[in-house]
């Protein structure tokens, strides 16, 4: 079974731009969660989608948004990029709550 | 807010030794715990999980122990191998939510 796939793997943007990251979950998984990983803050939860609905949201500004499609694939968008948004963005999928979340290898976003 | 923490940032062991990585959690509402391994350039890899109705669970060369009385979680790796070198994270999940709260991570270094 294929794992979680995230594209692109690397991205370089400048301040003020916006970016869209994509995640394809494991087949059959309906829950998709997004996390931000930085050396200073570690892994922090962004939001979770289940059946195209946002079910939980972390403590991030409204510049961070996401969506999920009917095939469970998910995208996250960050608008008006700031230097502090440089991070590894990780997507994880699971069957449902309280089930193991399996991660992709992330998108490394660098803001210049 | 409450978060999961780790006692040791770096653990160095010799190949063949047993390794123990510890984790303290503070949220008494957490009922599901996961250990992840993260290698350089990759996303977190699921190792083993345990639910709050258990105090021990074994996998292949790994054992997770849960002590709810003192809110402590540990990961034991038997016969540690150089390929086990990575950063290990514990994560907690509160019942009914899909949000994982991660600890800061422990780097395990295995010398041949």
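Protein chains in written order, with the numbering used here: chain A, 1 to 112; chain B, 1001 to 1112.
C-beta atoms are modelled at their ideal positions from N, C-alpha and C, and glycine is treated no differently.
All values reported here derive from a predicted model rather than from experimental measurement.
- Counting only Cβ-Cβ distances below 7 Å, residue 51 (chain A) has no contacts in chain B at all, with the closest Cβ about 12 Å away.
- Nearest Cα to residue 1069 (chain B) within the set B:1009, B:1015, B:1029, B:1111: B:1029.
- Look at residue 1083 (chain B) here: in three-state DSSP terms it is helix.
- A contact is defined here as three or more CB-CB pairs under 8 Å, and the stretch 86-97 of chain A meets this definition with respect to the stretch 24-34 of chain A.
- Using beta-carbon distances, residue 81 (chain A) does not count as an interface residue toward chain B, since no partner is under 8 Å.
- Annotated three-state conformation of residue 58 (chain A) is coil, per DSSP.
- For residue 88 (chain A), the enclosing beta strand (DSSP E) stretches over residues 87-94.
- With respect to the C-alpha of residue 1061 (chain B), the residue from B:1020, B:1010, B:1112 having the closest C-alpha is B:1020.
- Flagged as an interface residue toward chain B: residue 104 (chain A), by a C-beta distance shorter than 8 Å.
- Close to chain B, meaning a Cβ-Cβ distance shorter than 7 Å, are the following residues of the stretch 18-48 of chain A: 31, 33, 42, 43, 45, 48.
- With fewer than three CB-CB distances shorter than 8 Å, the stretch 1010-1018 of chain B does not count as touching the stretch 53-64 of chain A.
- Residue 1104 (chain B) and residue 106 (chain A) do not touch by the CB rule: their CB atoms are close to 18 Å apart, not below 8 Å.
- Scanning chain B for C-beta atoms nearer than 9 Å to the C-beta of residue 90 (chain A) yields 1043, 1044, reported in chain order.
- With a threshold of 8 Å between beta carbons, residue 1088 (chain B) makes no contact with chain A.
- At the C-beta level, residue 18 (chain A) and residue 80 (chain A) come within 8 Å of one another.
- The alpha-carbon separation between residue 1101 (chain B) and residue 45 (chain A) amounts to approximately 7 Å.
- By DSSP's assignment, residue 49 (chain A) forms a beta bridge with A:32, A:54.
- Boundaries of the beta strand (DSSP E) around residue 1032 (chain B): 1030-1038.
- When beta bridges are read from the DSSP output, residue 1097 (chain B) appears opposite no residue.
- Counting the other CB atoms within 10 Å of its CB gives residue 112 (chain A) a total below 16, which places it among the exposed residues.
- Secondary structure note for residue 67 (chain A): its beta strand (DSSP E) is the uninterrupted segment 64-68.
- For residue 1028 (chain B), the closest Cβ of chain A is not nearer than 8 Å.
- The DSSP-derived three-state label of residue 83 (chain A) is helix.
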